[in-house]
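**Student:** Whatever position you read off the sequence shown (first residue = 1), add 60 for our numbering.
Cβ coordinates follow ideal geometry from the N, Cα and C atoms, glycine included.
Sending over a structure as structure tokens; questions will come in a sec.
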Amino acid sequence: MSELNLILTGPPGAGKGTQAKLLAKRLGIPQIATGDILREAVASGSELGQRVKAIMERGELVPDEVVIEIVEERLAREDCVPGFILDGFPRTREQAEALERLLGRARREAVRVVSLVVPDQVLRQRILERGQGRADDSEETIATRLEVYRQQTAPVLDYFRSRLLEIDGIGSVGEINSRIVEAIEV
Ligand code: AMP
């Protein structure tokens, strides 16, 4: 069986996390969410957590080398042999290039990229509704996160354009999940 290496990308509030979890369960491969890993580090009060806490609260990106190292370590684990779903990574062109290099070195199959497309207006509403639970879900940081996405992460789509599957991210969780499954043909 060949590997199924996926990136699930899209702006904050697009539903990446929800869809990544569903896909991981369905396909039997791990969801690797850099945001979750970083939040755990913050909660544990580790050295890494202390370094990234303030950056995350502002809605900015933590340094590339920090997340690249996290992902490299995580992808080397046994459970990633059949494949993986990256959720929230890569978020910059540098991260995308680092991922390509490390997959190449490990002689792994190229990633396929699923991009959830949702208009800004809908995103703001969704994030606010999700709100309060997360330290970076205030109105102010939402604006920053959308801006960071536009400036730093949207260009990553261009980098992967030959392998990009664009999915309409408006609809019920189940509908969107079906669209993704159809697009990746599993
Ligand atoms: P998320 O849960 O994916 O929205 O991530 C929450 C926060 O973690 C982001 O706003 C960033 O501060 C940080 N973060 C998560 N993934 C990355 C990444 N790939 N590169 C840089 N920062 C990240």
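#1: As a quick check of your reading: which residues have a C-beta less than 5 Å from at least one non-hydrogen atom of the ligand AMP, in chain order?
#2: Along the chain, where does the beta strand (DSSP E) that runs through Arg-172 open and close?
#3: I need the boundaries of the alpha helix (DSSP H) containing Ile-115, first residue and last residue.
#4: Less than 8 Å separating the beta-carbons of Arg-210 and Asp-228?
#5: Which residue wins for smallest C-alpha separation from Glu-100, given the options Lys-113, Gln-91, Gly-88?
#6: How long is the line joining the alpha carbons of Ser-62 and Cys-140, rounded to whole angstroms?
#7: If we count the other Cβ atoms within 10 Å of its Cβ and call it buried at 16 or more, is Ala-158 buried or exposed?
#8: Any idea what DSSP makes of Glu-199, helix, strand or coil?
#9: What did DSSP end up calling Leu-121 once you bin it into helix, strand or coil?
**Tutor:** Put simply:
#1: Thr-94, Gly-95, Leu-98, Met-116, Leu-121, Val-122, Val-127, Gly-148, Phe-149, Arg-151
#2: 172-177
#3: 107-118
#4: no
#5: Lys-113
#6: 12 Å
#7: buried
#8: helix
#9: coil
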